[in-house]
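All remarks here apply to the structure that follows.
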Amino acid sequence: MNRAKAPQPLILIGIPTCMRPRMLAICLQSIGESALPENVEVRMVVADNDFNESAREVVEEFACNAPFPVDYTVCAERGLSNIRNHLFDYAIKIGADYIASTDDDEGPVSATWLSDLYTVIRETGGDAVGPVHGEYKAVKNPPLPSRNIIISARIYRNLKIRYDPLFNLTGGEDTDFGKRAIAAGAQFIADPRCQANAWIANPDTAPAEARGHHQGGWFTLRRHYNRVRVLTYANRTKKQKPATHILVEAVFYFIKGVVLLPFAIFSIEQRLRCGKSFLKSVAYPMSLFGPGRYEPYRDMDGY
6 MNRAKAPQPL ILIGIPTCMR PRMLAICLQS IGESALPENV EVRMVVADND FNESAREVVE
66 EFACNAPFPV DYTVCAERGL SNIRNHLFDY AIKIGADYIA STDDDEGPVS ATWLSDLYTV
126 IRETGGDAVG PVHGEYKAVK NPPLPSRNII ISARIYRNLK IRYDPLFNLT GGEDTDFGKR
186 AIAAGAQFIA DPRCQANAWI ANPDTAPAEA RGHHQGGWFT LRRHYNRVRV LTYANRTKKQ
246 KPATHILVEA VFYFIKGVVL LPFAIFSIEQ RLRCGKSFLK SVAYPMSLFG PGRYEPYRDM
306 DGY
């Protein structure tokens, strides 16, 4: 008796974009040229967060010769959380077992981008896997950045975890999402095989127009302050962190900044670490007065 073959796992490549058609084209081309995992079905959707559909022409041109089916959809309501939740809804609609994602401004993906992500999530049994990331290097079950990640359906279909609209224009939505998913029982795994995208791994390879998007100490520190403040505000309003705990942490990071201060003269990395500690010592108590008004994603940069 011939037994019916089990259906192949379906991976949805979900790309959020907003008014960056040239950067998107570079990203899509690299994905189209990268190796695909074996014995899986692959589909792609590009979700445009611009109601003027500035990405449509780029996507339709790419779709003509893409090695997998490509769809285009519009999420007119602006926001980082809105567009990522839109991709989750699309993944559920088509019955995707995994959604692999990278952002339009991260530059070309590696030649084995999707294969590496899928290999790691299959081998480890994690619910989400991505690259080893900065301050979470030593964390066993770390929240992962939203770029360059693969997420299993257990998170978005079974646990029904979604990105919080509070972070639509501030950033920090990926950290908040990861922490809530982990609290619900999901396993997040950072693995060095999940390579960072080219412009993140080496900003010098990015075109001059894109470099300011990934570099700059002041921008990095300001964004860090904002994310700490809004994340701490969210934790407090969700009763995950009392005010007394927040104030104690502020004192801790101030002392840490003082300890790191003598080492700040040796390298940019040490200066950033020191600066981030002092910023946390300010952002934590300021979160008691609200999430702040710094909204770097209200006006899009890139090209």
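To get the working numbering, take the position in the sequence shown, counting from 1, and add 5.
Glycine included, each C-beta is placed from N, C-alpha and C at the ideal position.
>> Alpha carbons only, please: which of SER39, GLU46 and ASN57 is nearest the one belonging to MET318?
In response: The structure shown does not extend to residue 318, since the chain is modelled only from 6 through 308, so no value can be given for it.
> From LEU17 to ASP109, what does the alpha carbon distance come to, in whole angstroms?
Replying inline: 16 Å
>> My parser needs the beta strand (DSSP E) runs of 3 or more residues fully inside the region 157-209; what are they?
In response: 193-195
> When you compare only the Cα positions, how much space is there between ILE31 and VAL256?
Replying inline: 45 Å
> Contact check, ARG167 vs PHE93 under 8 Å by CB: the rounded distance?
Replying inline: 7 Å
>> Can you tell me where the alpha helix (DSSP H) holding PRO26 begins and where it ends?
In response: 26-38
> For GLY190, which option in VAL125, LYS165, THR175 and PRO12 has the closest C-alpha, if you only look at C-alpha atoms?
Replying inline: LYS165
> How would you label VAL233, buried or exposed, when you count the other beta carbons within 10 angstroms and need 16 or more for buried?
Replying inline: buried
> Measuring CB to CB, does THR117 end up less than 8 Å from PRO296?
Replying inline: no
>> Please report the distance separating the alpha-carbon of LEU293 from that of LEU284.
In response: 15 Å
> In this structure, does DSSP put SER86 in helix, strand or coil?
Replying inline: helix
>> Can you tell me whether CYS69 is buried or exposed? The criterion is at least 16 other CB atoms within 10 Å of its CB, across all chains shown.
In response: exposed
> Touch check for the region 78-98 and the region 123-132: three-plus C-beta pairs under 8 Å?
Replying inline: no
> First and last residue of the alpha helix (DSSP H) that includes PRO147?
Replying inline: Where PRO147 is concerned, there is no enclosing alpha helix (DSSP H), given that its DSSP letter is neither H nor E.
>> Taking the beta carbon of THR107 as the centre, do at least 16 other beta carbons fall within 10 Å, making it buried, or is it exposed?
In response: buried
> On the three-state DSSP scale, how would you describe GLU254?
Replying inline: helix
>> Short of 7 Å in beta carbon distance, which residues of its chain neighbour ILE160, apart from the five on each side in sequence? Order them along the chain.
In response: ASP132, ALA133, ILE166, ALA186 and ALA191
>> Between the alpha carbons of PRO74 and ARG278, how many angstroms are there, rounded?
In response: 44 Å
>> Give me the DSSP bridge partner(s) of THR117.
In response: DSSP lists no partner for THR117.
>> Quick check: does the Cβ of PHE259 come within less than 7 Å of any heavy atom belonging to the ligand NAP?
In response: In terms of ligand content, the structure shown is empty, and the ligand NAP therefore cannot be addressed.
> Buried or exposed: PHE271, going by 16 or more other Cβ atoms within 10 Å of its Cβ?
Replying inline: exposed
> What's the C-alpha gap between GLU65 and ASP196?
Replying inline: 33 Å
> Beta-carbon separation of ILE20 and VAL51 under 8 Å?
Replying inline: yes
> Beta-carbon separation of ASP179 and ALA239 under 8 Å?
Replying inline: no
> What are the start and end residues of the beta strand (DSSP E) that includes ARG48?
Replying inline: 46-53
>> Is it buried or exposed, VAL253, if we count other Cβ atoms within 10 angstroms and call 16 or more buried?
In response: exposed
> Rounded to whole angstroms, how far is the Cβ of ALA40 from the Cβ of ASP102, which I believe are closer than 8 Å?
Replying inline: Not quite, the Cβ-Cβ distance comes to about 19 Å (not below 8 Å), so this is no contact.
> Which term fits ALA96, buried or exposed, when burial requires 16 or more other beta carbons within 10 angstroms of its beta carbon?
Replying inline: buried
> Straight-line CA distance for TYR77 to SER151?
Replying inline: 20 Å
> Near ARG303, what residues of its chain come up, given a Cβ to Cβ distance below 6 Å and the 5 sequence neighbours on each side ignored?
Replying inline: LEU174
> Hey, GLY37 and ALA81: beta-carbon distance below 8 Å or not?
Replying inline: no
>> Once the 5 residues before and after GLN275 are set aside, which same chain residues still bring their CB inside 6 Å of it?
In response: PHE268 and ALA269
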